[in-house]
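K.L.:
In the working numbering, the protein residues as written are 2 to 119.
#1: Can the beta-carbon of residue 42 be found less than 9 Å from the beta-carbon of residue 57?
#2: For residue 111, I'd like the list of residues in its chain whose CB is within less than 8 Å of its CB, leaving aside the five on either flank, ordered along the chain.
#3: If you compare alpha carbons, which of 75, 14, 64, 70 is closest to residue 47?
#4: So, helix, strand or coil for residue 71, using DSSP?
#5: Leaving out five residues on either side along the sequence, give the residues of the same chain with a beta carbon under 8 Å from the beta carbon of residue 118.
#6: Once the 5 residues before and after residue 89 are set aside, which same chain residues still bring their CB inside 7 Å of it?
#7: Using the C-alpha atoms, what's the distance from residue 10 back to residue 53?
#8: Any chance you could list the beta strand (DSSP E) runs of at least 3 consecutive residues sitting entirely within the region 44–113, in chain order?
#9: Measuring only the C-alpha atoms, how far is residue 71 from residue 106?
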């Protein structure tokens, strides 16, 4: 399973990447939304894990890109330091299946991935 992690905090990115690889997932990473879009356009990604606030394109813009430019759907899990209900609702309205507020245990993402891939 191919997972794209878009996160501009390098420590968080590497922690998530390490955890997912430990479970056998093929992980692609991007430190900004622009790189995330490049990967989405070139790889058949199965799950997107993205922060909301990133350089160039936000996580919400990535979800919108998936909806308007790809001919398949990708489950999206948001990981963000923003704990505002209005942002959570906006993410879900765009199609995010889960929203996790930082800090969190990266192992929770493994369970979420299992749930969205079934």
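Where is the CB? At the ideal position from N, CA and C, for every residue including glycine. Computed from a predicted model, the values in this text were never measured in an experiment.
P.N.:
Considering the structure as presented:
#1: The residue labelled residue 42 in the question sits at position 41 within the chain shown. The residue labelled residue 57 in the question sits at position 56 within the chain shown. Against a cut-off of 9 Å, the Cβ pair of residue 57 and residue 42 comes out as no contact.
#2: Numbered from 1 along the chain shown, position 110 holds the residue referred to as residue 111. So the qualifying residues of the chain are 20, 21, 24.
#3: For the purposes of this step, residue 47 is taken as the residue at position 46 of the chain shown. Nearest of 75, 14, 64, 70 to residue 47, Cα basis: 75.
#4: Here the question's residue 71 lines up with position 70 in the chain shown. In the structure shown, residue 71 sits in coil (DSSP, three-state: anything other than H, G, I, E or B).
#5: As a working mapping, residue 118 is identified with position 117 in the chain shown. Within the same chain, residue 118 has close Cβ partners 2, 47, 48, 76.
#6: Position 88 of the chain shown, counted from the start, is the residue given in the question as residue 89. So the qualifying residues of the chain are 100.
#7: Here residue 53 refers to the residue found at position 52 when the chain shown is read from its first residue. Here residue 10 refers to the residue found at position 9 when the chain shown is read from its first residue. About 12 Å.
#8: 48–51, 77–81, 97–102
#9: Counting from one through the chain shown, the residue named residue 71 turns up at place 70. Counting from one through the chain shown, the residue named residue 106 turns up at place 105. Going from the Cα of residue 71 to the Cα of residue 106 covers about 31 Å.
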